[in-house]
Amino acid sequence: MKRSNINRLWEFSFQANRLRRLAVVGLVAFLMLAFGVWMGVDLYYSYQQRVAESRKELENLSIIIESNVLATLSKIDVVISETAYTFGPMVDGRKKLALLEANQELLRRMAYIPEAQALSLRVINADGRVVFNAGETAELPNVVVADRAYFLRHKSDPNAGLVLSEAILSRFTGKWLLTLSRRMVDAEGNFAGVVQAALRTEYFQGLFELVNVGADDSISLLDENKRLLARHPPRLDAVGQQFDQLAVVMHFPSDPSAISYRRGAGIDGVDRHYVIRNIGAYPYVLVVGRSSEAIRSLQQGKIYLYVVCYFCLALAFACFLWVYVRHQQELEKLATTDSLTGLKNRRIFDSTLEFMMARRVRNSFSERLSVALFDIDHFKMINDTRGHLKGDEVLRRVANVIRCRVRKTDLSCRWGGEEFIVLLNDCDIEQAIVVAENIRSAIADESMSYPDDGFRVTISAGVAEVAEGDTVDSLVKRADDALYQAKASGRNRVCR
Numbered sequence: 018m019k020r021s022n023i024n025r026l027w028e029f030s031f032q033a034n035r036l037r038r039l040a041v042v043g044l045v046a047f048l049m050l051a052f053g054v055w056m057g058v059d060l061y062y063s064y065q066q067r068v069a070e071s072r073k074e075l076e077n078l079s080i081i082i083e084s085n086v087l088a089t090l091s092k093i094d095v096v097i098s099e100t101a102y103t104f105g106p107m108v109d110g111r112k113k114l115a116l117l118e119a120n121q122e123l124l125r126r127m128a129y130i131p132e133a134q135a136l137s138l139r140v141i142n143a144d145g146r147v148v149f150n151a152g153e154t155a156e157l158p159n160v161v162v163a164d165r166a167y168f169l170r171h172k173s174d175p176n177a178g179l180v181l182s183e184a185i186l187s188r189f190t191g192k193w194l195l196t197l198s199r200r201m202v203d204a205e206g207n208f209a210g211v212v213q214a215a216l217r218t219e220y221f222q223g224l225f226e227l228v229n230v231g232a233d234d235s236i237s238l239l240d241e242n243k244r245l246l247a248r249h250p251p252r253l254d255a256v257g258q259q260f261d262q263l264a265v266v267m268h269f270p271s272d273p274s275a276i277s278y279r280r281g282a283g284i285d286g287v288d289r290h291y292v293i294r295n296i297g298a299y300p301y302v303l304v305v306g307r308s309s310e311a312i313r314s315l316q317q318g319k320i321y322l323y324v325v326c327y328f329c330l331a332l333a334f335a336c337f338l339w340v341y342v343r344h345q346q347e348l349e350k351l352a353t354t355d356s357l358t359g360l361k362n363r364r365i366f367d368s369t370l371e372f373m374m375a376r377r378v379r380n381s382f383s384e385r386l387s388v389a390l391f392d393i394d395h396f397k398m399i400n401d402t403r404g405h406l407k408g409d410e411v412l413r414r415v416a417n418v419i420r421c422r423v424r425k426t427d428l429s430c431r432w433g434g435e436e437f438i439v440l441l442n443d444c445d446i447e448q449a450i451v452v453a454e455n456i457r458s459a460i461a462d463e464s465m466s467y468p469d470d471g472f473r474v475t476i477s478a479g480v481a482e483v484a485e486g487d488t489v490d491s492l493v494k495r496a497d498d499a500l501y502q503a504k505a506s507g508r509n510r511v512c513r
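Position in the sequence shown (from 1) plus 17 gives the number in my numbering.
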């Protein structure tokens, strides 16, 4: 072959390789550009999704807070309504009751509404003067409320129902509060006065502080005049002030669940996304905010991951993380759940009880906490006569009954063998006995076979309430002693 032909062959091969390299470089560049564009678009929509998720979380949080507030208002209203019915005849002279006895009776009723301001339950006559006031003495505050808006409304509107006042500075205590009141009538149906109780704005402050929010998130309660009643983080110096710069649109529509969204700077200058919710049909609005920076910070991990993926193409690493997370979740499930019954295991119970007891100490022993320990009666005989598979089925069915008979706030666990234990939150010993008895009777009625062949089992239970100075071991020991007493007393019963 001539040298010129050889040269042309090499030149053609060289050009082909060059074109191939350019094609590969172009393809890689295109793929990298496409990958980068895809990541940018994905990050944008991911951020929008984060915003939507945050709003949903804030909305759910506002619903929970609203439910707590409405429950408190409803409970106080029940006491006020019953008091108005009882004390109405005393105000117009149809019935007689000594002042001291009346005050003490009002004080007794206040025990049902601990959220209300102390000694705030009072009966006011048609002239706006206090005639009865909760307390241990016959003393009455020398204050006239005939000029208050809530009093005037009751006087002019027979159908006012429960009236919540605007935020007022109490003439009794000098504290910012809301009053809840209902109308009283005489024998002819004429206005005879009002029954009133007060709710300090400090109550809402305490309620907000129980909510776990971010450092720059906020929860605020305002009235229809945009007057701040309570806020978390606290701004006690701002309580009672109006904040027109919030630009909160308060329509108070007929739909009490109506909400709106907005974004802007709060009274502390922090840019937030807000969810605004009316408190039922009352003239108050709840504003829950999450800082924009907190929402952006949720994206940081994804941004870093995409940068690493972009420059290193570490797709395998992402797969590893996915497998690792799934593996960790499985390990966690195995470590915290009893595989036979599906209940939490003893390790979770011990750690949860330890935490709840520590929190109870921090809250000055204000929380009630009880445990109920259950044991299946004659379980060994079931294994011996019906086999271990049947014994396992009994354990599963008993566990399911226990799971269905406790609240979501309670914790049911398998303690070991045929024993189960339930941690009853916000529950004293009498309430715990009722729960344990419900479980006991339900298990006694539960069929342990399918189809039902009449086979039933019973359980015995021991109940104990956390006392001052208790440890996890001492509490469980007392529940175990009570269980032993139930066994010794004939089984199929609950003892304390």
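Glycine is no exception: its CB is placed at the ideal position from the N, C-alpha and C atoms.
Beta-carbon proximity of residue i to residue j, cut-off 7 Å
i, j, result
"residue 390", "residue 497", "yes"
"residue 306", "residue 294", "no"
"residue 386", "residue 377", "yes"
"residue 169", "residue 199", "no"
"residue 133", "residue 233", "no"
"residue 446", "residue 513", "yes"
"residue 79", "residue 292", "yes"
"residue 426", "residue 442", "yes"
Beta-carbon contacts of residue i that lie in its chain and below 6 Å, excluding the five residues immediately before and after
i, result
"residue 396", "435"
"residue 127", "138 and 151"
"residue 182", "167, 195 and 196"
Strand pairing of residue i, partner residues [DSSP]
i, result
"residue 208", "202"
"residue 481", "388"
"residue 193", "186"
"residue 295", "302"
"residue 240", "301"
"residue 215", "196"
"residue 433", "436"
Residue from the options with nearest C-alpha to residue i
i, options, result
"residue 230", "211, 243, 165 and 250", "250"
"residue 111", "205, 392, 318 and 169", "205"
"residue 455", "422, 479 and 442", "422"
"residue 125", "320, 97, 148 and 106", "97"
"residue 157", "319, 116 and 237", "116"
"residue 415", "501, 292, 49 and 462", "462"
"residue 173", "207, 183, 480 and 488", "207"
"residue 224", "325, 87 and 140", "87"
"residue 177", "201, 382 and 243", "201"
"residue 384", "479, 483 and 404", "483"
"residue 470", "487, 403 and 309", "403"
"residue 56", "154, 370 and 326", "326"
Own chain partners of residue i with C-beta closer than 8 Å, once the 5 adjacent residues on each side are dropped
i, result
"residue 366", "428, 430, 432, 438 and 440"
"residue 161", "144, 145 and 146"
"residue 185", "165, 193, 194, 195 and 196"
"residue 451", "none"
"residue 16", "Residue 16 is absent from the model: the chain starts at 18 and stops at 513."
Where the alpha helix (DSSP H) containing residue i begins and where it ends
i, result
"residue 124", "116 to 127"
"residue 318", "309 to 329"
"residue 421", "405 to 422"
"residue 491", "489 to 505"
"residue 247", "That residue, residue 247, is in no alpha helix (DSSP H); its beta strand (DSSP E) goes 245 to 249."
"residue 368", "363 to 379"
Element boundaries [beta strand (DSSP E), containing residue i]
i, result
"residue 140", "139 to 142"
"residue 171", "Residue 171 -> not in any beta strand (DSSP E); alpha helix (DSSP H) instead, spanning 166 to 173."
"residue 438", "436 to 442"
"residue 150", "147 to 150"
"residue 464", "Careful: residue 464 lies outside any beta strand (DSSP E) and carries neither H nor E."
"residue 515", "The structure shown does not extend to residue 515, since the chain spans only 18 to 513, so no value can be given for it."
Short CB-CB distance (under 7 Å) between residue i and chain D
i, result
"residue 414", "Among the chains of the structure shown, chain D does not appear; only one protein chain is present."
Own chain partners of residue i with C-beta closer than 7 Å, once the 5 adjacent residues on each side are dropped
i, result
"residue 495", "481"
"residue 94", "179 and 197"
"residue 238", "221, 246, 247, 301 and 303"
"residue 508", "394, 475 and 477"
"residue 211", "141, 168, 171, 198, 199, 200 and 201"
"residue 315", "67"
"residue 114", "107"
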